[in-house]
Structures are given as structure tokens and as C-alpha cells.
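A quick write-up on the structure given underneath.
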Amino acid sequence: MCGRYALYGPVSRLREAFDAVPEGFDFEPRWNAAPMQWLPVVRQRSNGERVIHRLRWGLVPSWAKDETIATKLINARGESVSEKPSFRA
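Residues in the sequence shown are numbered from 572 upward in steps of one, following my numbering.
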């Protein structure tokens with residue numbers, strides 16, 4: 572994965588594609604969505620309902636002193652994820 576993607580079109584397209592309800596926000600088209608930006612994410616609640624939230628893209632481990640580490644932690648290798656301190660817990 573390159574770490575960038577494009578997101579454009581009306582929020583209704585996300586609603587239809589994922590059968591999800593936006594949680595009180597709309598979004599602007601992004602032609603270069605990048606780590607550390609607030610972006611729409613589809614999440615599923617325990618009751619099965621899907622909702623669209625705005626979340627910041629990237630992982631900031633609890634031990635990190637600087638949140639910009641999240642730009643480097645957007646992907647994990649399946650074969651080593653349990654060994655890496657950032658993803659282990």
C-alpha cells in the first residue's frame with residue numbers, strides 16, 4: 572500500500588456502499604488523503620449497525636513521545652505483527 576488514497580463524491584455514496592449512517596458530519600473530497608488527516612471511517616457497532624465516523628489515520632502507540640510516528644505506522648505485516656512492539660498489544 573502506498574499510504575495515500577482519493578475519496579470523493581457525496582456522502583450518500585458511502586452510505587449506500589456500506590449501508591452506514593454518517594455521525595453528524597459531511598466531508599470534503601480528498602484527492603490525496605494521507606496519514607495524520609481526519610478522514611471518514613466506517614465502523615460497526617456491537618449491535619451490527621454501521622456508522623461513519625471521522626478518525627485520524629495512523630497508529631500512535633502508548634509509548635510514543637511524538638504523535639508524528641503515526642505516519643510510519645499505517646501498515647503491518649501479517650507474518651510479524653505479533654512481534655512488533657507497536658502492534659503486539
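Just so you know, even glycine gets a beta-carbon here, dropped at the ideal spot from N, CA and C.
Short Cβ contact (7 angstroms threshold) for residue i with residue j
i, j, result
"residue 610", "residue 630", "no"
"residue 651", "residue 632", "no"
"residue 576", "residue 600", "no"
Buried or exposed by the 16-neighbour rule on C-beta atoms within 10 Å, applied to residue i
i, result
"residue 585", "buried"
"residue 591", "buried"
Residue nearest to residue i in terms of C-alpha spacing, selected from the options
i, options, result
"residue 595", "638, 624 and 657", "624"
"residue 620", "574, 581, 593 and 575", "593"
"residue 639", "608, 614, 647 and 617", "608"
"residue 589", "602, 613 and 653", "613"
"residue 603", "648, 659, 628 and 646", "628"
"residue 606", "581, 636 and 642", "642"
Boundaries of the alpha helix (DSSP H) in which residue i is found, first to last residue
i, result
"residue 585", "582 to 589"
"residue 659", "656 to 659"
Residue-level contact to chain C via CB, residue i, 7 angstroms cutoff
i, result
"residue 607", "Judged by its chain identifiers, the structure shown contains no chain C, having just a single protein chain."
Element boundaries [beta strand (DSSP E), containing residue i]
i, result
"residue 576", "576 to 578"
Original post:
Fully enclosed by the stretch 594 to 632, which beta strand (DSSP E) runs are 3 residues long or longer?
Top reply: The stretch 594 to 632 contains these whole beta strand (DSSP E) runs: 601 to 604, 609 to 615 and 621 to 627.
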